[in-house]
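Note sheet for the following structure.
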Amino acid sequence: MIKALVITPYEGLVEIVKEVAEEVDDFDIYIKQGNLEEGLAYAREAEEEGFDLIISRGGTSSLIEQHVKIPVVDIQEFGYDILRIMTMVKGFTGKAGIVGFPNITRGASTICNLLDIQVRTMTINHDLEVESKLQELKKDGFEVVIGDVITTEAAKRIGLNGILITSGKEAVLEALEDARRTHRLFSRLNNDLSFYKNILEKDERSIAVLNHDGEWLFQNQTWRSDFIHVDPKEIKEVESMIHQAKQENGEIKKSVLIEDDLWRFSAVTMKETIIFTAERLFNHRLTNSSFENLPFIEMVQEVPFIPISGHSESTQRVLKQIDQCKDIDEPVWIKSEEGNGKELIAQSIYLTRQEFENPFIVIHCHLISDDQLNQLIEEDFFQKVETSVYLRKVDALSLEAQRTLLSLVKQLQHTATGPKWILSSSPNIERLVDERKFDRDLYYQLARYVIEHPPLRERKEDIKNLIQLFISENHSRFGKQVVGVREDALELLIDYDWLGNVDELKQIIEQLVQESESYYIDLNHIQSILNRKRINGEDTVANDNGIKIEGTLEDIERKIIQKVLEEEDMNQSKAAERLGINRTTLWRKLK
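All residue numbers for the sequence shown refer to the working numbering, where the first residue is 4 and numbers rise by one.
If you want it as structure tokens, here you go:
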């Protein structure tokens, strides 16, 4: 049974539809009388109430078709209907014209030509055009106007004779036949659509369709579940994808960090829509509870540009190597002592490669357990990532974890997916390889392009530059007026060994600026701070607990925290309690 609403623009058609409705048994017909906007209101109600289709005529039919999604069948002007009106018009002595929508004027114009009846035909596309057309006819001396309801009513208002083209029984029966064909076609299409929609709905991938007005046309079950608390199109990175997709063809991909989860979005433009798929690359909630106690992964959406400062030959060589990284996808291995800017070099490589559409991913190898590394691999995290992944302190991995990583690297070599590896280690990595404390095969698989940054004591030409940089950084921080270091004081800083490298220099300059009461840092002030360091044993080797007391204050703190963590079986909550700090502070100091 076809549930149909017939919207008639005039009363006479209601009676004809009622008569025809009694003669058919495959339609459940409802009738409403209303023209244009009134008819449209009825049509919208019918769509909400689940009607299969709508039947109307003339301008009302055209208007409804533009605003509803269910099929609209037009009661066409039958040849008999127009012929009856033309025969009637021949009895008038005055000039006659036809004003109406294309579905009326096309048939009328053809019959007038065949019968050689002189009738001017004027086609409109919007009801607002009727008034001006009628005024034009009146000005030209026309007395009779033929058309639909809106035309004839308007004609009477300005003093013209309006003759309504009515639909007969034949036209209504033909419309019902059209309705049957349309319903059969739409039923098949809807069945096909439901079949494919159900496949998409059950798909494990997150899939959604957006129109160019920014409205979601479809979101499958996975998408709705994944983004229950956030609308992706309101996220800056996805918003830029939408803008880009409107401007160009082809697939657009971008990795986006949403509420601590890393997502890979893909957008493809098809006609006036954008088809999105989203895949979770990493979800911290999927990992076991030890992840919350040991944050081993960091994803930075916006990496700040911090230039590497220094005029020494070795620093200039490092800068040149970083620039060359933009043209290579080979793994990059950074060798340098603690506190010497390895992470800054890694960030510079990421920025040089212009991977801004993806976050910078850092894995702290000294914090990750074997199980956590295995879990990342099992979740296909590395296979899905298409950006630089920085394995910080890779020499801290256990031998078992090294072998696991080697297996992954070999597997990814045979695929077109996977990250661009950046790794860092101490400068004595080859000695660890020789002593079998680091996997030889893994090292030679990943040390394809090596950047070796000498310690600060071997590139003393950089120290003056770094001092001025750190002084300027601390101006606004402490509100001091320090502008430089006196010459004899500078010589002392240059001659110092700097076992903690750049980090130690930065910490010393920060302390000097904070304590300074003049424009220039003098020799006595520097000697005082360096003597305090010696008295406190900060530049000696190790204390009774085996903790090496060298480097910056932050380095020493980190070593103490790492020692306590090891004693507490890597339980961060217990370690934080022993140290008298909260877990957030502990995590920050470990980064």
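Glycine included, every Cβ here is placed at the ideal spot set by N, Cα and C.
Note that the coordinates shown come from a computational prediction; the quantities given were computed from them, not determined experimentally.
Bridge-paired residues (DSSP) for residue i
i	result
ASN164	VAL147
HIS367	ARG395
THR11	GLN36
THR276	ASN214 and MET273
THR225	Note: THR225 sits in no beta bridge, so no partner.
THR124	ILE101
ALA303	Note that residue 303 corresponds to Val in the displayed sequence, not to Ala. Note: VAL303 sits in a beta bridge opposite PHE363.
ALA281	SER209 and PHE268
LYS338	SER428 and GLU455
PHE30	ILE5
SER258	ARG267
LYS562	According to DSSP, which records beta bridges pairwise, LYS562 is partnered with nothing at all.
LYS423	SER391
C-alpha distance - residue i paired with residue j, whole-angstrom precision
i	j	result
SER112	VAL122	8 Å
ARG320	TYR452	13 Å
VAL388	LYS509	34 Å
GLU333	VAL412	12 Å
GLU295	THR272	Interpretation of GLU295 is limited by its pLDDT of 42, a score under 50 that renders its predicted location unreliable; no figure is taken from the coordinates.
THR543	LYS536	Residue placement at THR543 is poorly supported in this model, since its pLDDT is 45, which falls under 50; the coordinates still yield a value, given next. Near 9 Å, if we compare the C-alpha coordinates of LYS536 and THR543.
ASP326	ASN201	50 Å
ILE524	ASN534	16 Å
GLU438	GLU340	19 Å
GLU146	LEU167	14 Å
SER576	GLY583	10 Å
TYR83	GLY110	11 Å
LYS257	MET244	8 Å
THR280	LYS236	12 Å
ALA7	VAL102	29 Å
SER351	ARG191	58 Å
HIS246	PHE268	14 Å
ARG480	GLU507	18 Å
VAL17	ASP195	36 Å
PRO105	THR126	6 Å
GLU14	GLY162	23 Å
ALA211	GLY165	52 Å
ILE371	TRP501	29 Å
ASP491	SER531	14 Å
LYS249	HIS215	7 Å
GLU2	PRO458	Since the displayed the chain opens at 4 and closes at 594, residue 2 lies outside it and no answer follows.
Residue closest to residue i, alpha-carbon to alpha-carbon, out of the options
i	options	result
LYS55	ASN38, TYR33 and LEU43	It is Asp, not Lys, that sits at residue 55 in the sequence shown. Cα-wise, what sits closest to ASP55 is TYR33.
ASN431	ASP498, TRP336 and ALA419	TRP336
PHE385	THR407, ARG581 and ILE352	THR407
ASP373	VAL392, ILE352, GLU381 and SER401	SER401
ILE460	ASP119, GLY342, ILE210 and SER135	A small correction: the amino acid at residue 460 is Arg; Ile does not occupy that position in the sequence shown. Closest option to ARG460, Cα to Cα, is GLY342.
GLU156	SER391, ASP130, GLY144 and SER170	ASP130
GLY150	SER197, TYR522, GLU134 and ALA281	GLU134
LEU394	GLU438, LYS338 and PHE30	LYS338
ASP229	ARG283, THR126 and VAL259	ARG283
ILE331	LEU167, ARG434 and GLN357	GLN357
VAL259	ALA349, ILE238, LEU163 and ASN223	ILE238
LEU626	VAL102, ILE127 and LYS93	One cannot answer for residue 626 here, as it falls past the ends of the chain, which runs 4 to 594.
VAL3	VAL505, ILE532 and ASN477	Any property of residue 3 remains undetermined from this structure, which presents the chain solely from 4 to 594.
GLU433	LEU426, TRP424 and TYR447	TYR447
ILE277	VAL241, MET302 and ILE73	VAL241
VAL75	ARG561, GLY42 and GLY15	GLY42
THR318	LEU370, VAL20, MET302 and LEU347	LEU347
VAL20	ARG462, ASP143 and VAL175	VAL175
LEU526	ILE497, LYS205 and GLY503	ILE497
GLU382	LEU265, ALA270 and TYR353	LEU265
ILE559	THR124, LEU593 and ILE532	LEU593
GLY62	LEU220, ASP465, GLU204 and ILE153	ILE153
Residue i, buried or exposed, once every other Cβ within 10 Å from all chains shown has been counted against 16
i	result
PRO310	exposed
ALA419	exposed
GLY253	exposed
PRO422	buried
ALA578	buried
THR96	exposed
GLN375	buried
ARG581	exposed
GLN414	exposed
ASN223	buried
Test: residue i CB closer than 9 Å to a CB of chain D
i	result
GLN386	Of the protein chains in this structure there is only one, and it is not chain D.
Practice task
Could you tell me whether the stretch 428–448 touches the stretch 481–495, using the rule of 3 or more Cβ pairs below 8 Å?
Solution key: no
Problem - Sufficient close CB pairs (3 or more, under 8 Å) joining the stretch 86–99 to the stretch 60–69 - result: no
Exercise for the section: Flag this pair as touching only if the stretch 138–152 and the stretch 175–195 have three or more C-beta atom pairs under 8 Å; answer yes or no. Expected result: no
Exercise for the section: Spell out a yes or no on whether the stretch 301–309 and the stretch 467–476 are touching, meaning 3 or more CB-CB pairs, one atom from each, closer than 8 Å. Expected result: no
Practice task
Decide if the stretch 14–26 is in contact with the stretch 45–53; the criterion is three or more beta carbon pairs, one per stretch, under 8 Å apart.
Solution key: no
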